[in-house]
Every structure is written in structure tokens, then in C-alpha cells.
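Heads up, the sequence shown is in the numbering used here, so the first residue is 663 and it goes up one at a time.
The block underneath contains the structure these notes are about, expressed in C-alpha cells.
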Amino acid sequence: MIHTSQSVQFLMRSALRRHGDRTGLVAGGCAYSYRDLDRLSSTLAAGFAERGLKRGDRLAILLRNCAEYALVDLAILKLGAVKVPLNEMLSRSDVSYMLAHSGARMLVVHGSLTDKLDAAALAESSLSCQLEVDDLGGSPGAGREPWQALFAGGDRDCEWREVLPEDPALIMYTGGTTGRSKGVLHRHRGLAMNALVHIINGEIAETERLLLTTPLPHSSGFFLQAAFLQGACVHLQDKFDPEQVLATIGRERITWTFMVPTMIYRVLDTYDPQRHDLASLRTLVYGAAPITRARLQEVLAKFGPVLLQLFGQTEVPNFATKLSKADHLEERFLGSCGQPVITADIRIGDAAGRPLASGEVGEILVRAPYTLEGYYDDPRKSAEVYAGEWIRTGDVGYQLDTGHVFIVDRAKDMIISGGMNVYSSEVENKVQEYPGVRQVMVIGIPHEDWGEAVCAAVVPADPERFDCQGLIAFCKERLAAYKVPKVVEVVSEIPLTAYGKPDKKTLRAKYWGGQTRQIH
């Protein structure tokens, strides 16, 4: 029997009633109780409905982290609409493509992000309404309505439009590190289960005080909903600043936060035990990109046993595996992304998806009740991503008898030098051990004889004194000859994608130019 309780909408409706006067959100210098969030999102939903938004319509959000984002999120659930979250770091071309591809009917955008909008592309899109949140102190542009107009008539009720478990809830676009972004379609049934998975595996208690600084269109959006379901308090910041993060943790007694590895590195480099009090912090969740063993050990030494690693994808949001806080204290597991969570299963497969023995390297496949329904409007890629009931992740790794999974590389990032496989993460971990290396990214670059050679882009602590030849000599003593970087490039920063992941595609373009990598 199908129950309408199998939806994110049902879970959130119950949560808003239960938590009432508890503080749910602190953003932009204002605090909002759950009653406030319910009331304001109802007024917002009524305004959306008056402007023609129907159940199943797509609503795109192009906002920085702010209270308005959370209210739009809740209003979408109340109306049974479909959320299309867009990252503020996207290019104008990306935004135009995603709005057109998703068939969005409505857009909510920050005034400072309207330069991402192409007027000609918008004119040909399905958009019938654009609402502008003023963050510049000016009037909305042509064709856009001010956000305040939605609240001009005072508070209004809005009846929840009941959804079914199989109704679409979310179209979320992939990072596009290997080509045009794909629209990942998730339904209410899967996202309801996924929200509970975030509460359990993210260790989010109802007394939690969370700090979110990563973009809500990515992983933080899932944690925001999970926190609301628990009745926790979320402190939301519109950008990441390591000094501000450290100060906020101490001042607000933050217990829980989420970061990508590059953010952790910057926090570590800024942290001063004489100025920063992190005694309240009990959970630091990280993921989305590889992290080096040396930096993990530094976090444990400075902040204590607070680390919790997740591994997932847009196609299986955030939790396929989890490396627990206890596992972080065991040296043998520090390079692992953890064991499968209770709601997921992992297989290491060959090219045909057939299971490999423990310890053998192959593609990581995942099955869970919250994997994607498919790629929106792309049946061919939808068919390719599934091997039966298993999702092909594109990550290469192996699994121990304990269930712990070790990722050795992205399939497309693996370097083949002279016919030998080089896993960039292995080289990165070794380079990170060299004194004076703050960050590193390893790629394959063209080589006339070997096809590809290993190149390490390094952010040093002191660029003027950094010894590139010393690093190469260090690696020669610790890595097989074909894995040793042949080129070391000193860079000021590692390029990142719109989703905060190291952007190897951008660095490769410098060396490969118009060539296509045809090594593998």
C-alpha cells in the first residue's frame, strides 16, 4: 500500500508543528523560530501559488546562503513543487542551460547574482515568473518582481498540496567535472529515507547547534532539512571565512559543522588555541573531495576525535559510506571513506559490474533506497549509470573484509604512464608528507614517450623557499619510479569547481590544450 507519509513533505509538516517556539535558524543577524519559519513559508507559498506555481512545477533557486533560501525550500515542499537548486559559482552559460533543461517555471535570484542571467536565454525558457531578493539596495531588474511583494498583504495561510511518494521532488545538477552537468532526478520516497539517513549517520541530535557555510544547493541543503526535522538550531553563513568560522564556533557554542577538505585546511592554518575556543565542537563532517592523511592527523591532534567522513554523490546523496569517529582513531582506516551505512550496500565491480574479491581494485558501485530515479530528460545516460540495481559511481577503489572502502581515484583521473596505472590520490598523500606542502593536486600531463607523466601542483607554505627538486627526491624514496612527479608546479591556490571540489579539468587544460585525453 502506498502511504503519503513516505515523502519529505510529510516529515517536514510534522516537524514544523512539533518544534514550535524553538529557534530553528539564525541567518543575517536574525533568529527564526520554527513557528516563524512555518508562518513565513506559508505566506511565501501562497504568493508562489498566486503567481501560477502548480504541484510538480520546477522552481529554481539562485541564492547565496540566507534565510530566504530556507523559506523557499519550505514553500516548495508545501506546494508539492520541484526544487532546482543552482550554485552561485556557476557560469552564465551553466545557469542558462540548467534553467532551460529543467523546464523551470519560476526563479528566485539574489540581485547580486543577476549577472548570471542571460536575457536572450531567459526569453526562450519556460520561466513565467522571476523574483529578486534585494542584497544590493536597489530596485529589481526588468521582468523581475521584488521579493517583498510576496509579503505585502501580511501573513497568509497556505494549504499543503499533498504529494505521493513517487512524485518528483528535486532536480540537482552534477558538478560537471567531466562534461555538461546532468540533472539528477530524485523522488519524494527516496528523499524521505535520505533525510532520515542524514540524521542518523550525520549524528544530528535535537539539541544540535549546527554551522553551515558551504552552499545550500550542494550537501549543506540536505543537512539543513535534516536539522529542521530534528528541531535543531542552524547557524547559516553566506560565505566561508576561517576566522569567522572559528569565532562563531566559540561564541555560539557550535556543536556540529560540515566542511570540504580545502576548508578544513584553511581552518587549521588559521586556528590559534590562544584565541579560538572549540570546546563545544563534537562533530566535524567532511567529504566531497579527497583529504590527506597528514591533515587528518593534524585535525585529530588539534580538535580531538570530532571527525566523521561521508562518501556519496549527487546520485546517492552524501551517505553511501561513513567513516566513524572511532575509525578515525585507527591508523589502518585513516585512508578509508568508511563502511557502507546501514541503508546502503557497496560492491567493487569489474568493467561489466561483476563483483571482485576483497582487496581487488575496481569501480565502486552503490545500491540504496535513495539512489537517483534517473538523469532528467536523458534516458541514455540514465541507462548507463545503472548496472542492474547498482549505481556506477565512476570512482575506483577496493574494499576490505571489514567492509571499509578505500577510494584510489576517480576513473577519469587515473593516470596511465608507460602502461602503468597511477592513482593520483596515492601520490597526493605522499607529496603532502613533504615539509612545507599545504595543498597538492596531481594530474597526468602529455608525455611523448609514456603517454602521460605525473604532475603535482603544490601550494607551499613558503613559495620562495620551497624546494621542488627536494620534493621529487623525497618521492623517489617512497614511490615507484613511474609514480614520482616528473613536474612540480608551484601555485598560489588549487582551482575549485562551483561545488568546492578540486578542479583537475581546469589544471589539465593548461597542459593538454585542445587535445583529448585518449590514454584510457
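The beta-carbon is built from N, C-alpha and C at its ideal position, and this holds for glycine as well.
Runs of the beta strand (DSSP E) spanning 3 or more residues and lying entirely within the stretch 702-765 occur at 720-724 and 744-747, in chain order. In the DSSP assignment, E824 falls outside any beta strand (DSSP E) and carries neither an H nor an E. Distance from the Cα of A894 is smallest, within the candidate group T876, E868, L826 and S986, for E868.
In the three-state scheme derived from DSSP, where H, G and I count as helix and E and B as strand, H850 is classed as helix. For secondary structure counted as the alpha helix (DSSP H) over 4 or more consecutive residues, the stretch 923-986 holds these complete runs in sequence order: 923-932 and 955-965.
By the Cβ-count criterion, C1137 is buried, with 16 or more other Cβ atoms from all chains shown falling within 10 Å of its own Cβ.
Taking the Cβ atoms as the reference, K1166 lies roughly 15 angstroms from I1069, outside the contact range of under 8 angstroms.
Taken in chain order, the unbroken stretches of alpha helix (DSSP H) that lie wholly in the stretch 761-790 and span 4 residues or more are 781-785.
Secondary structure within the stretch 1085-1123: the beta strand (DSSP E) runs of 3 or more consecutive residues, fully enclosed, are 1099-1109 and 1113-1122 (chain order). Non-local C-beta neighbours of L908 in its own chain, meaning closer than 7 angstroms and more than five positions away in sequence, comprise V929, T932, Y933 and H938, ordered along the chain. Going by DSSP, I911 is part of the alpha helix (DSSP H) stretching over P904 to E914.
Within its own chain, the residues whose Cβ lies closer than 8 angstroms to the Cβ of Y1032, once the five positions on either side in sequence are excluded, are H848, G852, L853, M855, N856, V859, V978, P979 and T1005, listed in chain order. Rounded to whole angstroms, L699 and G709 show a C-alpha spacing of 15 angstroms. Here the C-alpha atom of N727 lies approximately 13 angstroms from the C-alpha atom of V770. Counting only the Cα atoms, G1036 lies some 32 angstroms from R806.
With a cutoff of 8 angstroms on beta-carbon distance, L958 and L1018 are scored as not near each other.
Residue state for D829 is assigned as coil, using DSSP reduced to three classes. Linking S703 to M760 through their CA atoms gives a straight-line distance of about 25 angstroms. L1034 sits buried, since 16 or more C-beta atoms from the chains shown fall within 10 Å of its C-beta. As the crow flies, the alpha-carbon of R697 is around 13 angstroms from that of M674. In the structure shown, Y1037 adopts extended strand secondary structure according to DSSP, grouped into three states. The DSSP-derived three-state label of R1016 is coil. In the three-state reduction of the DSSP assignment, T1168 falls in the helix class.
By the neighbour-count definition (other C-beta atoms within 10 Å, threshold 16), L874 is a buried residue.
Within its own chain, the residues whose Cβ lies closer than 7 angstroms to the Cβ of I738, once the five positions on either side in sequence are excluded, are L721 and K745, listed in chain order. For the pair F920 and E1110, the Cα-to-Cα distance works out to about 43 angstroms.
DSSP lists V947 as the beta-bridge partner residues of F920. The beta carbon of L832 is closer than 7 angstroms to those of V744, K745, H848 and L853 in its chain, skipping five residues each way along the sequence. Taken through DSSP and simplified to helix, strand or coil, F1128 comes out as coil.
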